[in-house]
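K.L.:
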Amino acid sequence: MIYLDNAATCKPYLELLDLFNEIEKDYFANAQSYHQLGLLSLEHLKKARKKILTSLNISQTHLAIFLSSATEANNLALKGYALKYQKRGKHIILSNIEHPSVIETCLQLKEEFGFELTFLEVNEQGMINLDDLKKALKKSTILVSIMAVNNETGSINLINEIAALVHQKSLAAFHVDVTQAIGKIHLNYQNIDMFSFSGHKINGLKGSGALVIRKNISLLPLLSGGQQEYGFRSATSSVALASTLAEAVVISLEKMKKNLAHVKTLNNLLHEHLSKRKDIKINSPSNGSPFIFNFSLLNKKASVVVEALSNEQIYVSSFSACQSNNKGFSYVVKALGRTELEAQNTIRVSFDYNSTKEDVLAFLKAFENIIERIKG
Ligand code: PMP
Numbered sequence: 006m007i008y009l010d011n012a013a014t015c016k017p018y019l020e021l022l023d024l025f026n027e028i029e030k031d032y033f034a035n036a037q038s039y040h041q042l043g044l045l046s047l048e049h050l051k052k053a054r055k056k057i058l059t060s061l062n063i064s065q066t067h068l069a070i071f072l073s074s075a076t077e078a079n080n081l082a083l084k085g086y087a088l089k090y091q092k093r094g095k096h097i098i099l100s101n102i103e104h105p106s107v108i109e110t111c112l113q114l115k116e117e118f119g120f121e122l123t124f125l126e127v128n129e130q131g132m133i134n135l136d137d138l139k140k141a142l143k144k145s146t147i148l149v150s151i152m153a154v155n156n157e158t159g160s161i162n163l164i165n166e167i168a169a170l171v172h173q174k175s176l177a178a179f180h181v182d183v184t185q186a187i188g189k190i191h192l193n194y195q196n197i198d199m200f201s202f203s204g205h206k207i208n209g210l211k212g213s214g215a216l217v218i219r220k221n222i223s224l225l226p227l228l229s230g231g232q233q234e235y236g237f238r239s240a241t242s243s244v245a246l247a248s249t250l251a252e253a254v255v256i257s258l259e260k261m262k263k264n265l266a267h268v269k270t271l272n273n274l275l276h277e278h279l280s281k282r283k284d285i286k287i288n289s290p291s292n293g294s295p296f297i298f299n300f301s302l303l304n305k306k307a308s309v310v311v312e313a314l315s316n317e318q319i320y321v322s323s324f325s326a327c328q329s330n331n332k333g334f335s336y337v338v339k340a341l342g343r344t345e346l347e348a349q350n351t352i353r354v355s356f357d358y359n360s361t362k363e364d365v366l367a368f369l370k371a372f373e374n375i376i377e378r379i380k381g
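Count along the sequence shown starting at 1, add 5, and that's the number in the working numbering.
Spelled out as structure tokens, the structure:
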């Protein structure tokens, strides 16, 4: 089996499965219970929170809210903030290639709660333009949400510059979806007011995620109840999942430099082979995250090719598994200036630390055979 769909989800580190078992076995008590076992569980929860914040150099300024996924984190950040501070203004700025969990959330805020949205367009590299952002900021802007790394193409935004601009020119909070960036590329988290991510994109466990917010920020909770997670997300905390998430962050940050260099060589290898083909258009920008390589087939159906690869147990994806528009093409690739047909026939190959040169060569060999074999 050759798994090259790591932007969708990764295989967890085995040591994290062990850690999950260990914590769930020995510290299963409710972290809010006042007996000794409860207090021990609470210690593990606090340790996990501290690990995340310390490893990102933001322990003095931010706090971490444990959640189930990046989808939940994006929902809580955007709805929680917008509804809490709506008296200050009802304008939100986002890019037009955000993940559906950001776009759909903002559309809901517009349709159900009367917020005004400005969608910033991206250039061919998938980056927003700082002048466009500057022009879009106004007195009523309370939130700006721009992703660090796009999940389909790997395009990277200039998060430091965007943060500086938002903070200089407005009172808006700056939210960043760092799901495809954390532990993979360098980011300065101090400049960001709120950021979302999940464990399973960094070889952690599915069902774990977090929203990290500046300490002075408040949110309208989406789940009310027993006041867990600073009152922002009620429900009994999973100490075991929180612990694996913290560990996944620590491991991926520790190994980031090495993994980045390794994955770059794999990306270069793919690029070298595929850029020679006239029947392909590469969608991932050369300055993007090397973990993601996206291209369009110009005269074959990507869904057919992906299925044929899957029959050989080689796993990649066609356009994003979580499409919001159901139009049958990738709105992300289309936004880069591609045609609808090109945006329909995209293939995404995505790596993790575990991917090998042999995986890439096997993919290329199978891909070339399939292209020869199948009709349009
Ligand atoms: N944001 C981005 C950029 C993503 O890639 C994903 C996962 N496709 C999400 C949010 C949602 O993550 P989760 O599956 O953890 O809800």
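Cβ atoms here follow ideal geometry from the backbone N, Cα and C, with glycine treated the same way.
Remember, predicted model here, so these are calculated numbers, not experimental data.
Between Y18, N155, A78 and S73, which has its C-alpha nearest F296's C-alpha?
P.N.:
Among Y18, N155, A78 and S73, the Cα nearest to that of F296 is on N155.
K.L.:
Grouping DSSP H, G and I as helix and E and B as strand, with all else coil, what is V321?
P.N.:
Note: V321 maps to coil in three-state DSSP.
K.L.:
In terms of residue numbering, what span does the beta strand (DSSP E) encompassing R353 cover?
P.N.:
Here the beta strand (DSSP E) through R353 covers T351 to S355.
K.L.:
Compare the beta carbon distance of L148 and A87 with 8 Å and say whether it is the shorter of the two.
P.N.:
A contact, by the Cβ cut-off of 8 Å.
K.L.:
If we ignore side chains and look at the alpha-carbon of each, how far apart do Q318 and Q37 end up?
P.N.:
So the alpha carbons of these two residues sit roughly 46 Å apart.
K.L.:
Tell me the residue span of the beta strand (DSSP E) that contains E121.
P.N.:
Where E121 is concerned, the enclosing beta strand (DSSP E) stretches over E121 to L125.
K.L.:
Output needed for A367: all residues of its chain with C-beta closer than 8 Å, excluding positions within five of it in sequence on either side, in chain order.
P.N.:
Answer for A367: I7 and I319, listed in chain order.
K.L.:
Tell me the DSSP secondary structure of S248 in three-state form.
P.N.:
Looking at S248 - three-state DSSP - the assignment turns out to be helix.
K.L.:
Span of the beta strand (DSSP E) holding R219?
P.N.:
Per DSSP, R219 belongs to the beta strand (DSSP E) from G214 to R219.
K.L.:
Out of curiosity, what's the CA-to-CA distance linking H205 and K56?
P.N.:
One C-alpha to the other measures close to 18 Å.
K.L.:
Near A326, which residues of its chain fall below 6 Å by C-beta distance, leaving aside the five closest residues on each side in sequence?
P.N.:
Note on A326: pLDDT 49, under 50, position unreliable in the model; the coordinate value appears next. Only A13 meet the Cβ criterion.
K.L.:
Are the Cβ atoms of N350 and K306 separated by less than 8 Å?
P.N.:
Closer than 8 Å, so yes.
K.L.:
Specify the secondary structure class of Y90 as computed by DSSP and reduced to three states.
P.N.:
Three-state result, Y90: coil.
K.L.:
Give me the Cα-Cα distance between A178 and N304, rounded to the nearest whole angstrom.
P.N.:
Between A178 and N304, the C-alpha separation is close to 44 Å.
K.L.:
Taking only three categories from DSSP, how would you classify F179?
P.N.:
Strand at F179.
K.L.:
When the Cα of L228 is compared with those of T123, E29 and S239, which residue comes out closest?
P.N.:
Checked all of T123, E29 and S239; the closest Cα to L228 is S239.
K.L.:
Return the CA-CA distance between E383 and H172, expressed in angstroms with no decimal places.
P.N.:
Not covered by the structure: residue 383. The range shown for the chain is 6 to 381.
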